[in-house]
Every structure is written in structure tokens, then in C-alpha cells.
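Visitor: In numbering that gives the first Met the number 0, the protein residues as written are 0 to 576.
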Amino acid sequence: MAIVAACLAAPAQAARTLLMPGVTYERQVQFTSHGPVAIHVLNAPRPGGLYSLKPVLSNGAILGRERVTAMQRNVSRTATAAGVNGDLFRYDDGRPSGVLLQGGVLANAPSAERSSVGLAADGSLRVERVKLFGTWRGVGQRRPLTLNQPPGVNGVSLYTPAWGPATPAETGTVEAVLAPFPLAAPNVDLSGPVTEIKQGGGTPIPPGGAVLVARGSGTQRLVAEAFVASPVTVRLVLSPSWAEIVDAVGGGPILVRDSKPVFRHFELFSTEQLARNPRTAVGQLADGRIVLVVVDGRQPGYSVGMTNFELAQTLVRLGAVTASALDAGGSSTMAFDGNLLNKPSDPGGERAVSEGFFVLYGGVYAPPPTEPVLSPNGDGVAEAQSLAYKLVRPSQVEVSLVGPDKVARPLEAAQKPAGVYRFTWNGTSRDGVAEPEGVWRFSVNAVDDAGQSSSATRLFSVDRTLGSLAVAPALVRVRPGGDTLQARFSLTRLANVTARVETRSGAVYAVVSRQTLAPGTHTIRWDGRIGKVAFARSGAYVLRITAGSEIGRSELSAPFALRRVAAPAGASGSGRR
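(1) Using a threshold of 8 Å, state whether the C-beta atoms of V255 and V315 are closer than that.
(2) Alpha carbon to alpha carbon, what distance is there between A533 and G572?
(3) Tell me which residues share the same chain as P167 and place their Cβ nearer than 7 Å to its Cβ, disregarding the 5 neighbours each side in the sequence.
(4) So, is the C-beta of S229 closer than 8 Å to a C-beta in chain B?
(5) Hey, could you find the ends of the alpha helix (DSSP H) M70 is sitting in?
(6) Report yes if the C-beta distance between T497 and V507 is below 8 Å; otherwise report no.
(7) In whole angstroms, what is the alpha-carbon distance linking V236 and L144?
(8) Run the CB neighbour count on P179, radius 10 Å, all protein chains shown included, and call it buried at 16 or more, exposed below.
(9) For T16 and V83, I'd like the C-alpha separation in whole angstroms.
(10) Does the distance from the C-beta atom of R128 to that of A111 stay below 8 Å?
(11) Identify every residue that forms a DSSP beta bridge with F559.
(12) Taking the alpha-carbon of V290 as reference, which of E25, A560 and R463 has the nearest alpha-carbon?
(13) I'd like the list of long-range same chain contacts for P366, defined as Cβ closer than 7 Å, with 5 residues on each side in sequence excluded.
(14) Residues bridged to N276 by DSSP?
(15) Taking the alpha carbon of A228 as the reference point, which residue from V193, G431, P558 and D326 has its own alpha carbon closest?
(16) Express the C-alpha separation of P277 and H264 in angstroms, rounding to a whole number.
(17) Would you report the Cα separation of R136 and A120, rounded to the nearest angstrom?
(18) In whole angstroms, what is the alpha-carbon distance linking G337 and G217?
(19) Using the Cα positions of S394 and T423, report the straight-line distance between them to the nearest angstrom.
(20) Would S114 pass as a contact of E266 if the rule is Cβ separation under 8 Å?
(21) Let me make sure I understand the geometry here. Which of G300, V292 and G318 has the alpha-carbon closest to that of L284?
(22) If you follow the alpha helix (DSSP H) that R220 is part of, which residue opens it and which one closes it?
(23) Would you mind sorting Y158 into buried or exposed? The rule is 16 or more other CB atoms within 10 Å of its CB.
(24) From this set, A324, V155, I244 and L465, which residue's C-alpha is nearest Q312's C-alpha?
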């Protein structure tokens with residue numbers, strides 16, 4: 000274990016980003032002997048109140064698959080979601096391989112050979128192996144059954160509305176429709192009358208009902224003991240009982256137990272599944288906070304992935320006292336509010352999966368302002384700020400802008416239905432007077448119809464220091480004695496100015512100038528050279544001007560193209576491709 004740990008360098012961490020109140024995201028890069036590893040980390044409060052951690056079923060049914068980003072968009076009217084993919088699943092029809100418990104209702108049976116991940120009503124995370132013992136009883140004795148999966152050769156299965164609209168079409172089966180029938184809560188008697196007997200599968204599953212499906216010798220017992228108008232009682236017993244668990248998803252293997260990484264988990268996973276791959280995990284910290292992790296992989300030069308035990312070590316490093324893996328490989332996905340945060344490994348990008356496992360937030364949410372720096376100086380760039388907030392329940396709201404003078408400018412105070420509300424601001428008061436430069440705060444306070452209070456805050460700056468950037472020519476032909484790129488811009492105050500040439504992807508290609516400049520109009524020139532001799536390669540570039548002043552940091556950029564051309568006959572000079 001010590002040898003493995005010695006091969007893992009401490010990760011380089013990017014600054015944490017606030018996704019929504021209480022929920023942060025950061026991307027870490029770890030350099031190992033196998034190559035770089037990109038680690039995506041999401042931290043959220045202990046579930047409770049406005050926060051929950053829940054499995055979300057693709058398409059709202061056991062059958063089928065859907066992308067994590069699409070699932071988040073589907074729930075956006077009722078919550079703001081951040082999270083990862085869920086359980087392993089059958090690729091052909093999307094059936095999850097393990098338990099699915101939603102709000103105390105069992106939708107899929109646990110896998111006894113793998114860990115299940117449960118959330119208790121008090122917000123605690125449980126990782127255990129759980130078994131299901133299902134029985135049905137008509138006018139005879141109790142008999143075994145399975146849940147929302149094709150019955151065995153001579154067996155019986157209970158299909159609930161979670162499966163989908165109808166039972167599978169199959170010859171030789173007998174179906175008993177139960178209606179009304181209780182929700183499939185575990186560890187209690189579930190009783191309902193038989194309303195119809197059918198054959199051949201494809202039986203509609205009634206809302207508020209269920210269907211018993213029998214095969215082989217099970218059909219004879221079903222016909223004899225569950226006839227029309229007779230009562231049927233089903234019992235779905237979990238072991239351990241998990242009486243306090245309200246939501247659960249299949250997963251495994253267990254990664255962390257009592258703050259220690261688990262090496263020998265003795266769960267049903269192949270050597271290939273445990274080898275170096277993209278990874279997904281969920282854990283809980285000592286203070287109850289939730290940590291979700293996705294590790295990118297199968298992308299040499301960017302991220303090579305992790306073994307399962309390296310993932311366990313990573314969760315311990317992040318402070319987890321208990322943790323479990325979830326589905327891995329091309330399924331590994333992290334997203335927020337319907338937008339990808341990681342880089343999935345499948346050639347086609349994000350994979351459609353069976354489930355998502357999401358932190359759901361029910362309070363007011365404000366997305367980041369469209370302009371980190373508002374620069375209303377008349378140059379046509381960043382002249383107006385777009386602000387917004389979202390409510391998922393009817394709420395009394397107070398919305399304001401607070402300037403660097405600490406004075407609040409009210410924008411709205413009203414009772415609002417659920418929805419998205421937007422504002423545009425151009426940096427002036429209602430009287431048209433320019434507001435002061437500096438850091439501004441967009442603040443929203445809400446009390447919903449359930450009496451729950453929440454707030455959202457977003458910061459941005461107003462900075463008129465830098466403006467009117469113009470770059471010419473648009474196509475720079477570089478050679479000895481050739482074109483020179485000219486960048487013209489204005490400053491309203493003393494500033495430290497840096498000019499950089501970047502690739503279109505944002506990589507710095509050359510630093511053209513660093514100097515302190517007075518207020519006024521300035522011009523910076525670049526002859527296309529990298530250093531004293533070599534010329535830049537042909538391609539598309541961006542010139543970025545950054546100005547740091549007493550107000551803060553602002554920047555402007557402009558695209559241009561560069562083409563290397565042959566020097567005229569007899570011209571001196573040199574360059575390298």
C-alpha cells in the first residue's frame with residue numbers, strides 16, 4: 000500500500016467554483032507514473048432541508064437510458080441538480096443492476112453480491128450489501144417472487160409502474176392485474192385485489208396498480224391462487240431491513256469504511272472492471288457533507304484514469320469516512336444544471352445511462368452573471384449585465400444590487416410563482432447616472448410557500464479602465480520586413496498592462512508587452528516573432544490585453560490570423576517552422 004501511495008503525487012488544485020448555494024466544484028490534476036489524472040470533485044451539504052441526495056431514473060422508468068445532463072434538465076423545474084451517473088446497468092435495455100429506492104418506494108431489487116448505497120432520513124450515507132426476499136400470497140401459501148425483472152423459468156415477478164407502461168411481451172406467461180395496489184414499500188404487507196387475468200405479456204401496468212407475471216409451473220399456481228376478485232398480498236423484505244433508508248442506488252464496490260480505504264471488498268467485480276479506468280464515486284465526510292467524485296480516463300496525455308483502490312485512496316484523501324464506487328468507464332459523468340463538468344471517455348462524448356445520482360437543491364438559485372466584469376464605457380464590449388434567478392416553488396422574494404459603497408439598490412420585492420426571472424443592467428442608476436466602479440453583489444432572498452428561507456449571491460465588477468481595443472490588420476503576413484500587428488486601446492486610469500498572443504483554445508503563445516501605462520490611448524505592436532529570431536506559425540490567434548488597476552483586473556481580446564510567407568529574394572533574416 001505504501002508503494003502505491005508513493006507513486007501518487009499531490010494533486011494540483013484549481014480554485015473551487017460555487018455552483019449553487021452550499022455546493023462547490025473543483026478540478027484537480029494528479030501527476031502519476033502512469034500519466035496525468037483529472038479528478039472532478041463536488042462537495043455538498045449534508046442532505047436535509049433544502050438539500051437532498053437522490054437517484055433519478057432515466058426517462059422515469061426502469062427500461063431505457065438517458066444522459067445525465069438530460070436528466071438534470073428534466074428535473075430543473077422542481078430542483079437545481081448537480082451530480083453524477085448512478086448504478087451499473089444492462090446496455091441493451093437500460094435496466095439497473097442493483098437496488099433503486101426512491102422516497103421509500105422500491106423500484107428495483109438489490110444485487111446481493113455488490114454494495115448498495117442508501118440515504119437515511121437523517122442524511123447519513125450507508126454502504127452495505129443488501130438482499131431482497133420477495134413473496135406473494137393469494138388464497139394459498141406464500142411463494143417467492145422477484146421485482147421488476149423477467150421471472151425465472153417457473154417463477155413469478157411483480158411489475159410496478161416504475162418498470163414502464165406495460166409488462167414485457169412474452170408467450171407462455173400468465174398475468175394477474177392488481178388494482179388498486181399500494182406503492183412498493185419494503186418490509187410491509189402490500190395487498191390488492193385481482194381485477195383481470197391475461198396471457199402473452201404486454202399487459203398495461205395501471206397507475207396505482209401492479210401486475211404479477213408467471214412463467215412455467217408458476218402459471219398454474221397463479222391461476223389457481225390469484226383469480227379475479229381474490230386478494231393478493233406481496234411482501235418485499237430487505238435484509239438488513241434498512242428501515243431508516245428512504246433513497247438508495249446500486250453501486251459498489253465499497254471504497255471507504257471507517258475512514259480507511261478498502262482493498263479486499265469481496266464483491267462481484269471482474270479484474271478488468273477494477274483496473275485503470277474512468278471512475279465515479281460517492282462518499283460522506285465526518286461532518287455529514289457529501290462528496291461526489293468523477294475521474295476521467297482512457298485519454299492519454301489528458302487523463303489515464305484510476306484503479307478502484309486508487310479511487311478509494313482518493314476518497315480518503317478528500318476526507319470521506321464512508322464511500323462507494325458507482326458505474327465507471329464511459330458512463331462516468333459529472334454535470335451541473337444540465338451542463339457537463341468532466342470529459343467522458345466515449346468517442347461520442349456523454350453516454351446515455353440508466354440513472355443519475357444528484358444533489359437536488361430546492362432554494363433560490365442565481366446563475367453566474369454573463370459578464371464577470373461590466374465595462375460600460377461605450378466601446379460595445381460588456382456594456383450590459385444580464386442577471387437572473389430561479390424559483391422552484393412560489394416564494395416571496397427581495398432582489399437587490401449592492402455596490403462598493405455597501406448601499407443596496409432594490410430591484411424587486413414581490414410574491415412570485417415558480418419560474419426564471421431576468422434583469423438587465425447597464426451600470427447606471429435609475430436616473431441615468433453612472434454607478435461607482437468596484438465589486439458589486441447581486442442578492443436574492445426568498446421564502447417559499449413551505450416557509451423555507453434561502454438566498455443566492457453572485458459577484459461581479461464594474462470597471463471602465465480598459466476600452467476600445469482595435470487590432471489591425473486582420474491577417475498578418477509575417478516575414479523579415481513584413482506586416483506588424485498593431486493593437487490600439489484606451490485607459491481611463493494608470494494600469495499595469497500585459498499583451499499576450501494566445502491560440503484560439505486559450506494557450507499563451509507569446510507575451511508581447513508588459514508595462515505600466517498612464518491614462519490615454521496606446522498602441523502596442525508585434526512583428527510576429529517569438530523571441531528575437533523565430534517567427535510564429537501560421538494559424539488563428541487571439542490578442543489579449545489585460546489591465547490591472549486600483550479597481551481590479553479587466554481584459555479585452557480580439558482575433559486575428561497569421562500567415563508566414565516567403566521572404567523576398569535577397570532579403571535577410573531567418574525563422575523556423
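All residues carry an ideal CB built from backbone N, CA and C; glycine is no exception.
Guide: Concretely, from the data shown:
(1) yes
(2) The predicted position of G572 is uncertain, since its pLDDT is 41 and thus under 50; a value taken from the coordinates is nonetheless stated next. Whole-angstrom Cα-Cα distance: 9 Å.
(3) P149 and G200
(4) Although the question refers to chain B, the structure presented lacks it and comprises just one protein chain.
(5) V67 to N73
(6) no
(7) 11 Å
(8) exposed
(9) 17 Å
(10) yes
(11) Y540
(12) E25
(13) A387
(14) M305
(15) V193
(16) 19 Å
(17) 31 Å
(18) 45 Å
(19) 22 Å
(20) yes
(21) G318
(22) G217 to E224
(23) buried
(24) A324
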